[in-house]
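Trainee: To get the numbering used here, take the position in the sequence shown, counting from 1, and add 26. Can you read through this structure? Questions will come right after.
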Amino acid sequence: MATHEQQTQANDARIRLCAGNAEVTIRPDKGCRIGSLVVDGAEILRQGDNFGAFPMVPWCGRTENGRFRNGGVVHQMPQDAGPHAIHGTGRHAAWRQAPGATETTASFYYDLTDPWPYPGRVTQLFELAPEHLTLTMAVETTADSFPAQAGWHPWFRRNLGSGGQDVQLEFTPAWQEERGENHLPTGRRLDPQSGPWDDCFGMPDGVDATLTWPGELKVRVTSPAEWVVVYDEQSEAVCVEPQSGPPNGLNTHPRLVTPIDPLEITTTWAWEQLR
27 MATHEQQTQA
37 NDARIRLCAG
47 NAEVTIRPDK
57 GCRIGSLVVD
67 GAEILRQGDN
77 FGAFPMVPWC
87 GRTENGRFRN
97 GGVVHQMPQD
107 AGPHAIHGTG
117 RHAAWRQAPG
127 ATETTASFYY
137 DLTDPWPYPG
147 RVTQLFELAP
157 EHLTLTMAVE
167 TTADSFPAQA
177 GWHPWFRRNL
187 GSGGQDVQLE
197 FTPAWQEERG
207 ENHLPTGRRL
217 DPQSGPWDDC
227 FGMPDGVDAT
237 LTWPGELKVR
247 VTSPAEWVVV
257 YDEQSEAVCV
267 EPQSGPPNGL
277 NTHPRLVTPI
287 DPLEITTTWA
297 WEQLR
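Here it is as structure tokens:
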């Protein structure tokens, strides 16, 4: 049952979870994004309605020219990233909170609708502990099968703003997807290149990346998913995005959601104080 505080905050579309010295604020009205993640008094996510950490669903990254095929039918999505469609529709939707919230857990859902052409439901579960946050997202259908993707786009602050050093990112991908002039993977795999990046990487043993603010905080991002996009071309933030497939994956690596086989993805962010 939701606490009185959660019920009050639901009226202004902010749900707050607390565990130990960690606090998460969820914005179901803003695409069910994490608006804030505070660890021992330090905000680690870039602030603003377009930032925090938002779900990418029912596709991740860019879909070429906004089009994807399901069998013999071609569908057109809004072209909101130049010629492409980007990051799915879930980040624009108002999600509903499911019953059963506690001080440390909450779940939300929204039903797929226009411009997405297939009925279905997306759920997202937040589980906060004193030293980690686990996110789980599922895409389900009881009708037609369709290709889909899911993942998260967190904007980790490059600098925590307390006089410390900028964040350092460590990860060891098996390969890097070559990025074409249209900003999409070409299908060619490269040895990992040096940054800055707006690139997709393969990690067949699961995503495992560590962000370290020297002398302050370490956050390890893990997921059984095999794909991660890293975006660090902006001065304010570094994005480490676990996802179920690569950009344009609706076309190049389609994963069908069926009535008996939903798509599920999970990620855990675990932190350690370095002070």
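Note that beta-carbon positions come from the ideal geometry of N, C-alpha and C, so glycine has one too. Every value quoted in this text rests on a predicted model; they were computed, and no experiment measured them.
How would you label Asp192, buried or exposed, when you count the other beta carbons within 10 angstroms and need 16 or more for buried?
Mentor: Locating residue 192 in the sequence shown gives position 166, where the first residue counts as 1. Answer is exposed; the Cβ neighbour count stays below 16.
Trainee: Is there contact between the region 130-148 and the region 198-216, where contact requires at least three CB pairs shorter than 8 Å?
Mentor: Output reads no: the region 198-216 does not touch the region 130-148.
Trainee: In whole angstroms, what separates the C-alpha of Asp137 from that of Val148?
Mentor: Along the sequence shown, one-based indexing puts residue 137 at 111. Along the sequence shown, one-based indexing puts residue 148 at 122. Their backbone Cα atoms lie some 6 Å apart in a straight line.
Trainee: Pull up the distance between the alpha-carbon of Gly116 and that of Asp217, whole angstroms please.
Mentor: The sequence position of residue 116 within the sequence shown is 90, counting from 1. The sequence position of residue 217 within the sequence shown is 191, counting from 1. Going from the Cα of Gly116 to the Cα of Asp217 covers about 33 Å.
Trainee: Does DSSP put Pro180 in a helix, a strand or coil?
Mentor: Your numbering for residue 180 matches position 154 in the sequence shown. In the structure shown, Pro180 sits in a strand (DSSP, three-state: E or B).
Trainee: By the DSSP assignment, the beta strand (DSSP E) with Gly61 in it spans what residues?
Mentor: In the sequence shown, counting from the first residue as 1, residue 61 sits at position 35. It spans 59-65 - the beta strand (DSSP E) in which Gly61 sits, taken as one unbroken run.
Trainee: Mind checking whether Cys265 and His179 have CB atoms under 8 Å apart?
Mentor: The sequence position of residue 265 within the sequence shown is 239, counting from 1. The sequence position of residue 179 within the sequence shown is 153, counting from 1. Yes, the Cβ-Cβ distance between Cys265 and His179 is below 8 Å.
Trainee: Mind checking who Leu8 pairs with in its DSSP beta bridge?
Mentor: Summary: the structure shown does not reach residue 8, with the chain confined to residues 27 through 301, and so no result is reported for it.
Trainee: Helix, strand or coil: which one does DSSP assign to Pro230?
Mentor: Walking along the sequence shown from the start, residue 230 turns up at place 204. DSSP places Pro230 in coil when its eight states are reduced to three.
Trainee: Name, in chain order, the residues that DSSP records as bridge partners for Leu71.
Mentor: Here residue 71 corresponds to residue number 45 of the sequence shown, with the count starting at 1. According to DSSP, which records beta bridges pairwise, Leu71 is partnered with Phe182.
Trainee: Output the distance between the C-alpha atoms of Gly92 and Asp224, rounded to the nearest integer angstrom.
Mentor: Your numbering for residue 92 matches position 66 in the sequence shown. Your numbering for residue 224 matches position 198 in the sequence shown. Their Cα atoms are separated by approximately 19 Å.
Trainee: Pull up the distance between the alpha-carbon of Ala296 and that of Leu159, whole angstroms please.
Mentor: Walking along the sequence shown from the start, residue 296 turns up at place 270. Walking along the sequence shown from the start, residue 159 turns up at place 133. Looking at the two C-alpha atoms, the distance is approximately 6 Å.
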